[in-house]
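Heads up: the sequence shown begins at 77 in this note's numbering, then just goes up one per residue.
We treat Cβ as the ideally placed atom computed from N, Cα and C, and that holds for glycine.
Structure record follows, encoded as structure tokens.
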Amino acid sequence: MQSTDLGNKESGKIWHRKPSPATRDGIIVNIIHNTSDYHPKVLRFLNVAFDGTGDCLIAGDHQGNIYVFDLYGNRFNLVQRTAQACTALAFNLRRKSEFLVALADYSIKCFDTVTKELVSWMRGHESSVFSISVHASGKYAITTSSDTAQLWDLDTFQRKRKLNIRQSVGIQKVFFLPLSNTILSCFKDNSIFAWECDTLFCKYQLPAPPESSSILYKVFAVTRDGRILAAGGKSNHLHLWCLEARQLFRIIQMPTKVRAIRHLEFLPDSFDAGSNQVLGVLSQDGIMRFINIQTCKLLFEIGSLDEGISSSVISPHGRYIACIMENGSLNIYSVQALTQEINKPPLPLVKVIEDLPKKKLSSSDLKMKVTSGRVQQPAKPRGSKIQTRILKQDLTGDFESKKNELPDGLNKKRLQILLKGYGEYPTKYRMFIWRSLLQLPENHTAFSSLIDKGTHVTFLNLQKKYPIKSRKLLRVLQRTLSALAHWSVIFSDTPYLPLLAFPFVKLFQNNQLICFEVIATLIINWCQHWFEYFPNPPINILSMIENVLAFHDKGLLQHFIDHDITSQLYAWPLLETVFSEVLTREEWLKLFDNIFSNHPSFLLMTVVAYNICSRVPLLNCNLKDDFEFFFHHRNNLDINVVIRQVYHLMETTPTDIHPDSMLNVFVALTKGQYPVFNQYPKFIVDYQTQERERIRNDELDYLRERQTVEDMQAEVDQQRVEDEAWYQKQELLRKAEETRREMLLQEEEKIIQQRQRLAAVKRELQVKEMHLQDAARRRFLKLQQDQQEMELRRLDDEIGRKNLTENQAAVAKEMRADADAYRRKVDLEEHMFHKLIEAGETQSQKTQKVIKENLAKAEQACLNTDWQIQSLHKQKCDDLQRNKCYQEVAKLLRENRRKEIEILNAMVEQEAKKWKEAEGKEFCLRSAKKASALSDASRKWFLKQEINAAVEHAENPCHKEEPRFQNEQEDASCLPRTSHLNDSSEMHPSTQISLNRRAVEWDTTEQNLIQKVRNLRQRLTAQARHRCQTPHLLAA
């Protein structure tokens, strides 16, 4: 068998030499996909599909890498990276280079394998799509999810129809029947409907299967001619339906090893015209059995218990079978190689019942058994035409199988074989396998009662000792440890319990019940006898490890003894942390796959194997610190080598020192309630609990007292802070007051300046007003003068007109005489004029034209004259109005002159008052200066007298003091004060009040000085007396 690792290559050859599949297994090539990153891992294939020719297939892994494998051309190519897992694959039968892929985000995409481009993107599903069925014409496709099925047009990539169902009835599968236009829909209630593709008209419904052999259908297969439907489920029965007759015609019973059927598919044959006779049945044990549905012969098998098959697809021409294995690899089988031995002696037959009976048959009449063994010919029952051939079943190994049976249909022996072959369980199914191996009861009620007790007192401050960044992880760890402490008291005092539980808490942080039960199962089985020497390490367990190490590697143990290294240093750190400190996550998971699959002594053997495999670096260590560092940090060690060494130790260790003889076999947790755990010295735990309670009470008392002291200190600090704040506030108030005073002074200065500017502006305005009044007065006088001159001219004009009238009368007489003469002359001329009228007709028109022009000019002159008259009238009105205004202005000017005189008089009076007040204040200032000078002189004289008296008294302390006081009073009375009083009597009243206040202040200051001088004199007197008494005492 050839094996090909795709690695990081995007293209290459599938096989490097011509494949020659063996008849035994028929495998052409095994394809795996390992990454070459820093942490190598296997990328598991999830889905596979063939194209219409059958020589090309497409496969996708769980990271979204999609590869095309050309079996005819021996090439593979990476055609797409979808970055998410694919849930279904199918080729487009019309356009050969296109394929459909259903992704984990519920969408369906169409890609081209040649251009590697996205052709279309179809959305509409609300759950994962697990099936894609393409019509034979390539025009339509049906995508199926658990809640709906949708019909798509692959020409436009538009959704044509959608099948909606009730939530209580789920969909198992919806697909096209080959070579027909029919859609078959299968539901979870075993109902099967046939629909017309174009009209979606329901053609028929299959009847319900017999009650005696009723199973829930989960998988279906149809022959290439679309006549026979095979259905199976969680049973070893197969139902064969005739779609033409629409009835169940055969029930096939598979061997007892088959408990559930995972996949069905007919094997095409080039010579059967589509009526396929060979059916492939993939069961829960990972083996795919191919049987003839007519003769019920078991033709061949693929897969095994060690290398189980997860899913499979058969090429359309029936030459290849592509299988995705349970380990994630892809196997390509040759049907030709597998069928070479079919013509040899037949394999087991089954009981045959006549096909399509005319009478209604029961399920027992239709049943046929597939068994293994030698062939026998059964007897014919009377009245029946049923021919029977039975092969006895081999029942050996049933007891062993039952012994290794685990929950959820797993087998411990098979798991161990798988584990030895691959070194670890599949990542996808690891947690499921662990739960089955540990047989976890999942006691929800009991676990809830432990959780409801709350956080245990021991783990209230867990974050201080173990500062975990993830608050969720810390919370889950705290709850799990508290549940363990409530389950058994010993765990509240176990210091290494957080180290032991942490890797499992991190692994199962989303399922706290499973986390708790895994840790509890680990403690009960793999931590046996750990707590017998509590609170000391388990000396008995460490002795077992030391004995095994002494047997297998005496040199290493002697090296430990030479450097005073005990098992508490080279074994106990590994046990209490369950290797989580020295292994990476992947290594730790791989190790515990083996630990949970073997006897509890496997953990102790792992400690010995770890030391033996680390022999070289340990022999180079000479200091105790180096050994401690080695067993608390990760080392360059291959975990696969360690695991192989553990299996070697398990097999080669003598029975007398083998730990499995001292440890009990695996015991699962009980269902309903958890078992009582009391495998520890109870009196020590109780004593420690009492001591811990006493210490806790003392700590509480101490904490209360410290809290009281801290409260008092806090009150003192608060009072001090408040005092400082008060002083700061007072200082701020003082500064603010000073600032306000400065602001007030500045504002007063500004107001004074503004007043001065205002006074200057007023003066300017007054001067301007006086100038304006003067100008108005001059204009008014000029106007009056002009009016008088105009009146005089008018009178002169009237006198001239009267003289002209008298002259005109004399002239009129002369003119009348001239007029008479002229009239006579005119009469003579008129006669001549009439004669010339006819001759002047031509000139008359010109004359009329001239007359009209002259008339127009006259009218224009009249209009001009009227306009001039109106203008003169308007000027006259303006003159009258101006005259009236002038009179009002003159009146205002007279009133202003009167007020100016009053203002000037008031200003003169105010100026006299100000001068008088200034003289008074200057006189007061001189008087105050005189009084101050007299007071200074008096104070200086008084101080001088007092100082002289004090010095005198210090020299002669025995003199009497009364005369001096009298002299002081006399001297004080003799001070010159009369002038001061006389001066103050002449002062202004306000000035006198201020001087009286100042005199009172000076008197107060003077009294204070006198009091200080008296105190000084008394101290000097006391000192002198003391000096006078000291010699007498010495003499005595």
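Whole-Å CB distance - residue i paired with residue j, under 8 Å assumed
i, j, result
"H520", "A561", "Wrong, their Cβ atoms sit about 20 Å apart, outside the cutoff."
"S677", "D714", "Their Cβ separation, rounded to whole angstroms, is 23 Å, which puts S677 and D714 out of contact at 8 Å."
"T163", "L179", "7 Å"
"P45", "L557", "Residue 45 cannot be examined here, being either before or after the span of the chain that is shown, 77 to 1112."
"V210", "A166", "5 Å"
"L576", "T682", "Not a contact, Cβ separation roughly 15 Å."
"L538", "L550", "7 Å"
Exposure of residue i, with buried meaning 16 or more beta-carbon neighbours within 10 Å
i, result
"P751", "exposed"
"M620", "buried"
"H138", "buried"
"N930", "exposed"
"W271", "buried"
"E845", "exposed"
"V785", "exposed"
"G34", "The displayed coordinates of the chain run from 77 to 1112. Any statement about residue 34 would go beyond what the structure contains."
"P283", "exposed"
"N687", "buried"
"I107", "buried"
"C938", "exposed"
"T80", "buried"
"K185", "buried"
"Q453", "Caution applies to Q453, whose pLDDT of 34 falls short of 50 and renders its modelled position unreliable; the model cannot decide the point."
"M77", "exposed"
"F636", "buried"
"A888", "exposed"
"H109", "buried"
Contacts around residue i, its chain only, beta-carbon distance under 6 Å, and the 5 residues preceding and following it disregarded
i, result
"I671", "F678 and L679"
"S564", "F753"
"N257", "C273"
"I719", "N670"
"Y609", "I615"
"R1113", "No answer is possible for residue 1113: it lies beyond the span of the chain, which begins at 77 and ends at 1112."
"G302", "L253, P254, L255 and S256"
beta-carbon residue i near the ligand FMN non-hydrogen atom, thresh 8 Å
i, result
"D629", "You won't find the ligand FMN in this model; it holds no ligand whatsoever."
Same chain, Cβ closer than 7 Å to residue i, five either side skipped, listed in chain order
i, result
"Y962", "F856 and L859"
"L526", "A559, H562 and W563"
"S1159", "Absent from the structure is residue 1159, since the part of the chain shown begins at 77 and ends at 1112."
"L739", "Q604, P676 and S677"
"F269", "S261, C278 and Q281"
"Q789", "none"
"F703", "I641, L645, Y646 and C697"
Close Cβ partners of residue i (< 8 Å) along its chain, the five nearest in sequence each way excluded
i, result
"A1026", "V1089, L1092, R1093 and L1096"
"F742", "N601, H675 and P676"
Would you call the segment 484-496 in contact with the segment 636-651, where contact means no fewer than 3 C-beta pairs closer than 8 Å? Fewer than three Cβ pairs drawn from the segment 484-496 and the segment 636-651 lie within less than 8 Å of each other, which leaves the two stretches out of contact.
The segment 922-938 contacting the segment 820-835, beta-carbon criterion three pairs below 8 Å: no
Quick test of the definition: if touching needs 3 or more C-beta pairs under 8 Å, does the segment 541-548 touch the segment 771-779? The segment 541-548 makes no contact with the segment 771-779: fewer than 3 CB pairs, one atom from each, lie closer than 8 Å.
Could you check whether the segment 618-634 touches the segment 579-597, counting it as contact only if at least three pairs of C-beta atoms, one from each stretch, sit closer than 8 Å? no
Measuring CB atoms only, is the segment 352-361 touching the segment 79-93, in the sense that at least three cross pairs come out at less than 8 Å? no
Could you pull out every unbroken beta strand (DSSP E) segment of at least 3 residues lying fully inside the segment 245-307, listed in chain order? 247-252, 258-263, 268-272, 278-281 and 293-298
Between the segment 327-345 and the segment 378-389, can you find at least three pairs of beta-carbon atoms closer than 8 Å? yes
Between the segment 310-330 and the segment 390-405, are three or more C-beta pairs nearer than 8 Å? no
Kindly confirm or deny that the segment 934-951 and the segment 832-839 touch, where touching means at least three C-beta pairs closer than 8 Å. Verdict: no, contact absent.
Is the segment 194-210 touching the segment 223-231, taking contact as three or more C-beta pairs under 8 Å? yes
Segments of 4+ residues assigned as alpha helix (DSSP H) that fall wholly inside the segment 348-415: 411-414
Alpha helix (DSSP H) segments (min. 4 residues) lying fully within the segment 560-606: 573-583 and 588-601
Along the chain, which unbroken stretches of the alpha helix (DSSP H) at least 4 residues long are found entirely within the segment 643-697? 643-646, 648-652, 661-672, 677-689 and 691-695
Any beta strand (DSSP E) of 3 or more consecutive residues that is wholly inside the segment 951-1036: none
Would you mind listing the beta strand (DSSP E) stretches within the segment 311-339 that are 3+ residues and don't spill past its ends, in chain order? 313-318 and 323-329
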